[in-house]
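Chemist:
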Amino acid sequence: MASAIPAVVGAYAWRRRGKPGATTLALLLWLLALWGLLYALELGARDASLVNTLHGLQSSVLVLAPPLWFVFVLRYTGRVGWLTRGFLALIFAVPATTLALVATNRLHGLVWTAGGVRETPRALIAGFEYGPWFWLDFAYGAFLVLAGAALLVLMLRNTQWLYAKQSACLLLGFVGPWAAHSSFATGLDPGLRSLPNLDPTVLTFVPAGLVLAWGLYRHKLLDLSPVAHDAVVEGMSDGTLVLNAQGRIVDLNPSARRILGCSAGEVVGGSFKEVMSRQGKAAPLAGNRGTALLDRYEREGQANEEIRLGEGDEARHYDLALSALYDGRGKRTGTLVVLHEVTQRKLAVERLDKLAHYDALTGLPNRALFYERLSQEIARSRRAQGVGGGLLAVMFLDLDRFKMINDTLGHDFGDLLLQETASRLRESVREYDVVARLAGDEFTVILPEVESPRAATEVAERVVQSIAAPYRLEGKDLLITTSVGISFYPTDAHDPSVLVKNADSAMYRAKAGGKNRYEVYAEDVLQNPTKNFELENELNRAIEENQFVLHYQPEIRISNSRMVGAEALLRWRHPERGLLHPRDFVPVAEESGLIFSIERWLLREACRQMRSWQERYPTATP
Numbered sequence: 001m002a003s004a005i006p007a008v009v010g011a012y013a014w015r016r017r018g019k020p021g022a023t024t025l026a027l028l029l030w031l032l033a034l035w036g037l038l039y040a041l042e043l044g045a046r047d048a049s050l051v052n053t054l055h056g057l058q059s060s061v062l063v064l065a066p067p068l069w070f071v072f073v074l075r076y077t078g079r080v081g082w083l084t085r086g087f088l089a090l091i092f093a094v095p096a097t098t099l100a101l102v103a104t105n106r107l108h109g110l111v112w113t114a115g116g117v118r119e120t121p122r123a124l125i126a127g128f129e130y131g132p133w134f135w136l137d138f139a140y141g142a143f144l145v146l147a148g149a150a151l152l153v154l155m156l157r158n159t160q161w162l163y164a165k166q167s168a169c170l171l172l173g174f175v176g177p178w179a180a181h182s183s184f185a186t187g188l189d190p191g192l193r194s195l196p197n198l199d200p201t202v203l204t205f206v207p208a209g210l211v212l213a214w215g216l217y218r219h220k221l222l223d224l225s226p227v228a229h230d231a232v233v234e235g236m237s238d239g240t241l242v243l244n245a246q247g248r249i250v251d252l253n254p255s256a257r258r259i260l261g262c263s264a265g266e267v268v269g270g271s272f273k274e275v276m277s278r279q280g281k282a283a284p285l286a287g288n289r290g291t292a293l294l295d296r297y298e299r300e301g302q303a304n305e306e307i308r309l310g311e312g313d314e315a316r317h318y319d320l321a322l323s324a325l326y327d328g329r330g331k332r333t334g335t336l337v338v339l340h341e342v343t344q345r346k347l348a349v350e351r352l353d354k355l356a357h358y359d360a361l362t363g364l365p366n367r368a369l370f371y372e373r374l375s376q377e378i379a380r381s382r383r384a385q386g387v388g389g390g391l392l393a394v395m396f397l398d399l400d401r402f403k404m405i406n407d408t409l410g411h412d413f414g415d416l417l418l419q420e421t422a423s424r425l426r427e428s429v430r431e432y433d434v435v436a437r438l439a440g441d442e443f444t445v446i447l448p449e450v451e452s453p454r455a456a457t458e459v460a461e462r463v464v465q466s467i468a469a470p471y472r473l474e475g476k477d478l479l480i481t482t483s484v485g486i487s488f489y490p491t492d493a494h495d496p497s498v499l500v501k502n503a504d505s506a507m508y509r510a511k512a513g514g515k516n517r518y519e520v521y522a523e524d525v526l527q528n529p530t531k532n533f534e535l536e537n538e539l540n541r542a543i544e545e546n547q548f549v550l551h552y553q554p555e556i557r558i559s560n561s562r563m564v565g566a567e568a569l570l571r572w573r574h575p576e577r578g579l580l581h582p583r584d585f586v587p588v589a590e591e592s593g594l595i596f597s598i599e600r601w602l603l604r605e606a607c608r609q610m611r612s613w614q615e616r617y618p619t620a621t622p
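Numbering-wise, the sequence shown is residues 1 to 622 according to the UniProt record's numbering.
#1: For W113 versus D137, is the C-beta spacing smaller than 8 Å?
#2: Count the CB pairs spanning the stretch 439 to 447 and the stretch 388 to 406 that are closer than 8 Å, and state whether there are at least three.
#3: By the DSSP assignment, the alpha helix (DSSP H) with F370 in it spans what residues?
#4: Does the beta-carbon distance from N366 to R437 come in below 8 Å?
#5: Beta strand (DSSP E) containing N244: first to last residue?
#6: If we call anything under 8 Å between Cβ atoms a contact, is D238 one with S255?
#7: Starting from M563 and walking both ways along the beta strand (DSSP E), at which residues does that stretch end?
#8: Would you tell me roughly how many angstroms separate the C-alpha atoms of I405 and I480, rounded to the nearest one?
#9: Can you tell which of R296, K273, G265 has the C-alpha that lies nearest to the C-alpha of R248?
#10: Could you tell me the distance, in whole angstroms, from the CA atom of V71 to the CA atom of E306?
#11: With a threshold of 7 Å on Cβ separation, who are the neighbours of V102 within its own chain once the five nearest residues in sequence on each side are excluded?
#12: Could you name the residues of the same chain whose beta carbon sits closer than 6 Å to that of R382, not counting the 5 residues immediately before and after it, in chain order?
#13: May I have a chain-ordered list of the beta strand (DSSP E) segments no shorter than 3 residues that lie completely inside the UniProt domain "GGDEF" (390 to 523)?
#14: Starting from Q553, follow its DSSP beta bridges and name the residues at the other end.
#15: Quick check: L594 and L539, are their CB atoms within less than 8 Å of each other?
#16: Would you report the Cα separation of A241 and L25, rounded to the nearest angstrom?
#17: To the nearest angstrom, how far is the alpha carbon of L569 from that of D584?
#18: Are the stretch 604 to 614 and the stretch 546 to 559 in contact at 8 Å, needing three or more beta carbon pairs?
#19: By the 10 Å Cβ neighbour count, where 16 or more other Cβ atoms means buried, how is R106 classified, buried or exposed?
#20: Give me the Cβ distance between residue 627 and V464, rounded to the nearest whole Å; I'm assuming they're in contact under 8 Å.
#21: Cutting at 6 Å between CB atoms, please list the residues of its own chain near A321, excluding the five before and the five after it.
#22: Run through the DSSP bridge pairs and tell me what I249 is partnered with.
#23: Please classify I307: does DSSP put it in a helix, a strand, or coil?
#24: Taking F402 as the reference, give the member of F92, A324, V80, I467 with the closest Cα.
#25: Rank A245, I259, G261 by C-alpha distance to the C-alpha of residue 625 and give the top, closest one.
#26: Considering only DSSP beta bridges, list what R332 is partnered with.
#27: Could you check what DSSP says for F70 in three-state terms: helix, strand or coil?
#28: Skipping 5 residues on each side, what residues in its chain have a beta carbon closer than 7 Å to that of A231?
#29: Leaving out five residues on either side along the sequence, give the residues of the same chain with a beta carbon under 8 Å from the beta carbon of L83.
#30: Would you verify that the beta carbon of L144 is, or is not, closer than 8 Å to some beta carbon of chain C?
#31: The beta strand (DSSP E) that contains L579, what's its start and end?
#32: Nearest to D359 by CA position, among Q419, T457, L602, is which residue?
#33: Assign F548 to one of three DSSP states: helix, strand, or coil.
#34: Tell me where the alpha helix (DSSP H) around A96 begins and ends.
#35: Excluding sequence positions up to five away, which residues of its chain have a Cβ less than 7 Å from the Cβ of N532?
#36: State the start and end residues of the unbroken alpha helix (DSSP H) segment that holds E599.
Okay, here's the thing in C-alpha cells:
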C-alpha cells in the first residue's frame, strides 16, 4: 500500500507532464514508491547479505529525493531560469558523491561505520552506526527540503488564498514524510526508534499520497499552477481581485493595487465594499446603485456595472465585473472581481455623442438635441401645469444682414461672429436655459419655467441689446443686430415643431418691422414665412427673365422750368400681379441677398439708358 499509492499518483502526474513540474513530481513519487518497495523487500528478506544490499539501495534512492523535490518546487513556482546545467550539476553533486560512497563504504566507512544485521523473531533488521558523510548528506537533504518548503510558503504569501490549498497539499505530501524520516534517523523521537522491525517513514506514504492525490484531482495542483497566476493574472492590465465567501479581499494583482491606489497589506482581509467606498464622491458601491449591483450579483452569480473612480481630470472609467467562484460541489466559495478600464472608450463615445448632438463651431446643442430637449421641457411643463406652473417660451433668433457680412468679409470672419454671438447668447439667459444653433445664423433658446410672458420678453430685450453691442473681431469693429420671435407653450402650440415654427413666424414679423427687435407670436403672422419664401423664388425668376423696369421721373428747375436730370424708379413687371412698387419686394430682396443682383441690374440699365440719350440728344442738358 505504501508503495502503490505514490506509484499511482505518480502515474497521474505523468499524464500531465506538459504542466510545469509534472515530470519531476512523477519521478519523485515513483522514487518514493521504489523506496517503499525496497523497504518491504528488506522486511521480508531472510538472508543477511540481501538485507544489507536492499538497505544500501534504499539509501541510494533516498539521497535523490531532496534534490528532485527542490527541482520540482523551482519549476512549480516558475523559477525555471535557475535550472541551468551548472545549477543542476551543483545540487546533484552531493547526492552523486553519496551514491559513490555508498557503493564503496566497505573501504572507508564514511556512510556507516559499524553495526550489521540483527535477527528478530519476525525479520532480519539492518542496524548501522552512521558515519560523517551520512550526516553531511542528511543536512544537505534537509536544507533542500526546507528551502523548497520556504519557496512554497513565499509563494503562498504572495498569491494568498488562490493557491493555499495547493501549497498545503504539497507541504503535507513531502515535508511530512521527510520530518518523520528525520526524527527516526536522528533519534530525536526515541519512540520511533523503538518500533519493532519498522521505519515509520513508510507509514506516512499512505496519507501523504492521498493528500497529493486530493490536491491533483480536487484542487488542480498541476492544472492551475502559480506559474500561470504569475504569467497571466499578475501581468494583466485589468485589475483582478479575489474575495472569500464573506466578501473580504484575499488576493489582488498589481493592476488592482494601482487602480485602487493602495498596497496589498492595506486591503487584504478588508471588506471589498468598504475598500470601494473609500474612492471619494465617486464611490461606485455607495447608495442605491451599489446595493442594486450587489443584489443582482447575489441573485445571478454575476453582475456588471460601469463605474468611475477619481475626480476631475484624474477620473477613470472601469467596467466592474463580479463573477462567483464555486468549488467542485457547486458551492459558492468566493468572488472574482475584474476592473477593466474603459476610459478611452467612454471618451470616444462622448466625442461621438458630442458630434451627433452639438454644433462643432459654437459648441451649442444642434437641431437634434434642441428638439430632444424641447420635448423633455414640454413634458415637464405639462406635469407642472397642475401645480400652478408650466409656462415655457421658445425664442427664434436670426442675425440681420449676416449673409452680406459673410459675403464681404469672408466665411472665416463669419464663423468668428457666430462664435461670439453664441457666447453672448449664453451670457444673456439663465444657466438652465437651453441655447442652440439650428443652422447658419439661426439660433433658438428654450426658456423653461417662465413666470409670465413679460419675463420672456425681458430676456429677449437683453438678447437684442447684447447682440447690438459693438463686436471687435480680428481688429475690426462691427455692428450687427438680430431679430427675435417668441412663442409660448401651451398657449401657442403643444407640438415642439409647431412651437418653433410659430417663433420663426414671429421672428419674420420682427424683421419686417425694422429688425433689431423682438415680436411675440400672433395668429396672423403665420402666413408671412410662406409668402416670403414664394416671393423670394419669384424674385430669382424675375432676375433671370429680366422682369424689372426703370421709370424715369424728370427733375425740373423751378426758376427757369428747365429739366436738369431724372430720377430712376425701379418697378417689377410681375407676370401675374402687374407692376409692383419696391416696397412690395425690396425687404425680401434685402433679407435673401438678392438685392445685390437687383442693384447691379439697376446701375447697368441706368448707365445704358444715359448713354443712349447722350448719343441721341448730344446737345441736351446732361
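Note that CB positions come from ideal geometry on N, CA and C, so glycine has one too.
Being a predicted model, the structure only gives us computed values, none of them experimental.
Modeler: Inspection of the coordinates gives the following:
#1: Note that residue 113 is Thr in the sequence shown, not Trp. Contact flag unset, no.
#2: yes
#3: Boundaries of the alpha helix (DSSP H) around F370: 367 to 384.
#4: yes
#5: 239 to 244
#6: Cβ atoms of D238 and S255: closer than 8 Å.
#7: 562 to 574
#8: 9 Å
#9: K273
#10: 45 Å
#11: G56, S59, S60, V111
#12: none
#13: Listed in chain order, the complete beta strand (DSSP E) runs (minimum 3 residues) inside the UniProt domain "GGDEF" (390 to 523) are 392 to 399, 434 to 439, 442 to 447, 471 to 473, 476 to 478, 482 to 489, 517 to 520.
#14: E567
#15: yes
#16: For the record, residue 241 in the displayed sequence is Leu; it is not Ala. The alpha-carbon atoms of L241 and L25 are separated by roughly 30 Å.
#17: Cα-Cα distance, rounded: 14 Å.
#18: yes
#19: exposed
#20: Because the chain is modelled from 1 through 622, residue 627 falls outside the range shown and cannot be assessed.
#21: Shown here for A321: same chain residues with a beta carbon closer than 6 Å to its own, the five before and five after excluded, namely N304, V338 in chain order.
#22: L243
#23: strand
#24: Closest by C-alpha distance to F402, out of F92, A324, V80, I467, is I467.
#25: This structure cannot settle anything about residue 625, because the visible part of the chain is limited to 1 through 622.
#26: Y326
#27: helix
#28: With a pLDDT of 48 at A231, under the threshold of 50, the modelled position of this residue cannot be trusted; read the value that follows with caution. Counting only residues of its own chain and dropping the five nearest sequence neighbours on each side, A231 has no CB closer than 7 Å to any other CB.
#29: V71, L74, R75
#30: Of the protein chains in the structure, only one exists, and it is not chain C.
#31: 578 to 580
#32: Minimum Cα distance to D359 is reached at Q419.
#33: strand
#34: 93 to 103
#35: Taking N532 as the centre and dropping the five residues before and after it, the same chain places the C-beta of Y508, V588 closer than 7 Å to its C-beta, in chain order.
#36: 595 to 616
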